[in-house]
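Q: Sharing a structure, written as structure tokens. Questions coming.
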Amino acid sequence: MLEEDTDMHVSEDVRLVRRAMRGDRDAFEELARLHVTRVYALLVGLSRDRDVADEAFQETWLKVANRLHALRDPRAFRPWLYAVARNALRDVWRQRQTAERREAHDEEAATSDAGAEVVTPDVTASDVVTIVHVALARL
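Everything in the sequence shown is counted per my numbering, starting at 32 for the first residue and increasing by one.
Dropping the structure here:
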């Protein structure tokens, strides 16, 4: 019975994927409706962070909508969908790590710049040269 259920869902997926690939929005919406719960559960389970999962979930469905035409075998929709979701999660993690590193760098730069001399608009070119030379001499 379980195998029949799986076969029935796969054939329904194949039918919907083929229609969606031809531009049928209703078919795409039905595909999404059938899979949103499992995809979201996968992302929450892998990330253990609902904010990250939410972001990856949105990215997943954007990528699926934009790349469904590239799916070669409609029977492979589910594994492809889950691979897209895992990759979207990795992308979100990378983006967040990059943003955290950038923020840390900006904070470090702001802290180290706190004691630096401030050049005001009324400084002459020779004043700038002097400031640069003094700064270089300190290195």
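Here a beta-carbon is modelled for each residue, glycine too, at the ideal position from N, C-alpha and C.
Given that a residue counts as buried once 16 or more other Cβ atoms are within 10 Å of its Cβ, and exposed if not, what is residue 44?
A: So residue 44 ends up on the buried side.
Q: Report the three-state DSSP secondary structure of residue 44 (helix, strand or coil).
A: Three-state result, residue 44: helix.
Q: In this structure, does DSSP put residue 53 in helix, strand or coil?
A: In this structure, residue 53 counts as coil in the three-state DSSP scheme.
Q: What does the alpha-carbon distance come out to for the pair residue 133 and residue 80?
A: Approximately 21 angstroms between the Cα atoms of the pair.
Q: Alpha carbons only, please: which of 102, 40 and 83 is nearest the one belonging to residue 64?
A: Residue 64 has its Cα closest to that of 40, out of 102, 40 and 83.
Q: When we look at the beta-carbon of residue 90 and count the other beta-carbons within 10 Å, is it buried (16 or more) or exposed?
A: It is buried - the Cβ of residue 90 has at least 16 other Cβ atoms within 10 Å.
Q: On the three-state DSSP scale, how would you describe residue 149?
A: With a pLDDT of 49 at residue 149, under the threshold of 50, the modelled position of this residue cannot be trusted; read the value that follows with caution. DSSP places residue 149 in coil when its eight states are reduced to three.
Q: Figure out for me which residue from 42, 123 and 115 has the closest Cα to the Cα of residue 84.
A: For the residues 42, 123 and 115, the minimum Cα distance to residue 84 belongs to 123.
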